[in-house]
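Residue numbers (mature numbering (1 follows the signal peptide of the UniProt record, and there is no 0)): -22 to -1, 1 to 593. C-beta atoms are modelled at their ideal positions from N, C-alpha and C, and glycine is treated no differently.
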């Protein structure tokens, strides 16, 4: 069979059968009469009409006939003539020239996403983009198409933003998972649009992330294939591999990740961002910055705080003591990681870093700004801090803020290990057995003072490094660094979570924030004072000294009426704190700084307002 026959698209087979196989009572006629299309007399073996007219009768045997239809004829042939169809109008519209989409390609070598300037290329032209982000109401953002093109070859869109307001980061205790919605706007200025003539400024080309999010975090403790929040969370559904390249990587690092981690931290709820794939895959193309490595460690803290609250809510038993001890060891490991990160920030090991940079301090005190003196605003701290860069300031602010949230849990876990349990008190023995030989070998020194089941490494911990005094110094460091980080900051919303933490801390210290965890001194059977109770921010230690053996550990801020849980000279108390007024100036300063954050946000909004954006 030739190629023409192979290319035939449709084969129609018609089988012609003898009369006996046809319709009963109907004669088909001879093949000659059928071909002439005349009536046949059906005489056998030859038709008389054919013999009378001198024609050769072809007989009545039927042969198989192949009728071939081609694709061009749509399977039709002589027995099935083509239908008469009216010519159709061409429905396909005239192809319009496609508009070039904005394709920004980051230039090599790739830099960390926390660099405020990123070099990109478009149509063989290089641009230096200033990255900024602002929290806003996305439903109130309006866009108007200008219709005029620009040097990027795309339509210009004028963006109008609602009045800027500082977002509320206070945690919401609901079962809704964390959700963040964002929009990306890019403005590329033409060379003749530069505000400084031939030299373009940093604000001529802008990559702006507009976003909004809620403050609740949901944790189901189920595998990801059973967790309903996976399908509702767009970021989790996309997976970490979707955030490897620009601009998705910059959105994940600069907008989503730190907001999600601090929302989980303030809600004391574990976050999926602590998973190993979320700590590595998004940085397969871009290097990590010190802030990225810090957030890797901080992402572990929400689960620690969640476990702390769960364990400490149980009745004091030996099992609870062992769980507290195990969790305390985990906390010490995380504290060691944070300490190593801080050491690495002080002494970077990169070969490109000069010796002068390595010896430069991370921060140093500066004179009080004139703005405080002119406005006669009290600055309740020794002096503000100055930093070699804004990135360093932001790193240390997040580091100190994490410790302000972390150390109260270490403090509570440490004293929970020494909290008396029923197993510490053996059943009363008969008077004839009061001189029975002890079952354990005699111990001397500090080991003899340890309750049952307490490890030696726990006994060697100095708990005062987690005390109120140290946490107060950390909170003061955050406040002293905020002004330096805000000056020239392109993402002022990043400072609101640390501000909320220290503002809540000062409120608890001054008795303005309700209840906090208290620790009072006292011996076994003695009374300990407590200050505040249970959210991890307040650490008021009672002033009452209990009566008993050993030295009481209670001293410091706040007054309270608590229940003594003294063990071996150390007591813990819980009660309502009565503020002494301490921390009020610091809380007032936090309110003033919030107003400065709002002013900085309005400045950024004015820069973006009315600019042509490419969405």
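Assumed close pair residue i, residue j - CB separation to whole angstroms, cut-off 8 angstroms
i	j	result
residue 260	residue 221	4 angstroms
residue 273	residue 235	6 angstroms
residue 185	residue 213	With 8 angstroms as the limit, residue 185 and residue 213 do not qualify as a contact, their Cβ atoms being about 19 angstroms apart.
residue 98	residue 85	6 angstroms
residue 576	residue 189	The pair is not a contact, with the Cβ atoms about 17 angstroms apart (cut-off 8 angstroms).
residue 364	residue 342	6 angstroms
residue 477	residue 359	Going by Cβ atoms, the distance from residue 477 to residue 359 rounds to 14 angstroms, so no, they are not a contact pair.
residue 145	residue 113	4 angstroms
residue 374	residue 459	6 angstroms
residue 368	residue 467	6 angstroms
residue 361	residue 345	7 angstroms
residue 398	residue 254	That belief does not hold up - the Cβ atoms of residue 398 and residue 254 are roughly 40 angstroms apart, past 8 angstroms.
residue 578	residue 470	4 angstroms
residue 95	residue 107	7 angstroms
residue 389	residue 445	7 angstroms
residue 233	residue 92	Not confirmed; about 12 angstroms, so no contact.
residue 238	residue 156	5 angstroms
residue 147	residue 475	5 angstroms
residue 484	residue 565	4 angstroms
DSSP state of residue i mapped onto helix, strand, coil
i	result
residue 413	Any reading at residue 413 must be qualified, since the residue scores a pLDDT of 45, below 50, and its modelled position is unreliable; the value itself is stated next. Three-state DSSP puts residue 413 in coil, outside helix and strand.
residue 264	coil
residue 27	helix
residue 161	strand
residue 367	coil
residue 80	coil
residue 525	With a pLDDT of 30 at residue 525, under the threshold of 50, the modelled position of that residue is not reliable, and the figure given next carries that caveat. Looking at residue 525 - three-state DSSP - the assignment turns out to be coil, as it is neither helix nor strand.
residue 379	helix
residue 138	strand
residue 292	coil
residue 343	strand
residue 597	There is no way to answer for residue 597, as the model of the chain reaches only from -22 to 593.
residue 121	strand
residue 594	Nothing about residue 594 can be read from this structure; the chain reaches only from -22 to 593.
residue 322	helix
residue 439	coil
residue 198	coil
residue 147	coil
residue 252	helix
residue 597	The structure shown has nothing for residue 597, since the chain only spans -22 to 593.
residue 270	helix
residue 599	With the chain running from -22 to 593 in the structure shown, residue 599 is simply not present.
residue 299	helix
residue 338	coil
residue 433	coil
residue 258	coil
residue 362	coil
residue -12	Residue placement at residue -12 cannot be trusted, given a pLDDT of 43 that sits under 50; what the coordinates show is reported in the next sentence. Strand.
residue 372	helix
residue 276	helix
residue 166	coil
residue 86	coil
residue 398	coil
residue 428	coil
Range covered by the beta strand (DSSP E) that runs through residue i
i	result
residue 185	184 to 191
Residue i - containing alpha helix (DSSP H), residue span
i	result
residue 584	562 to 586
residue 452	446 to 464
residue 467	That residue, residue 467, is in no alpha helix (DSSP H); it is neither H nor E in DSSP.
residue 155	Run containing residue 155: none; DSSP gives neither H nor E here.
residue 487	474 to 487
residue 11	9 to 14
residue 238	236 to 245
The ligand NAD heavy atom lying under 7 angstroms from the CB of residue i
i	result
residue 15	Of ligands this structure carries none, so the ligand NAD is not represented either.
Unbroken stretches of the beta strand (DSSP E), 3 residues or longer, contained in the region 91 to 118:
95 to 100, 103 to 113
If contact is defined by three or more beta carbon pairs under 8 angstroms, each pair taking one atom from either stretch, is the region 377 to 392 in contact with the region 279 to 287?
yes
Count the C-beta pairs between the region 193 to 210 and the region 104 to 120 that are closer than 8 angstroms, then say yes if the count reaches three, no if not.
no
Hey, is the region 389 to 401 in contact with the region 281 to 296, meaning 3+ C-beta pairs nearer than 8 angstroms?
yes
Which runs of the beta strand (DSSP E) spanning at least 3 residues fall entirely within the region 201 to 234, listed in chain order?
none
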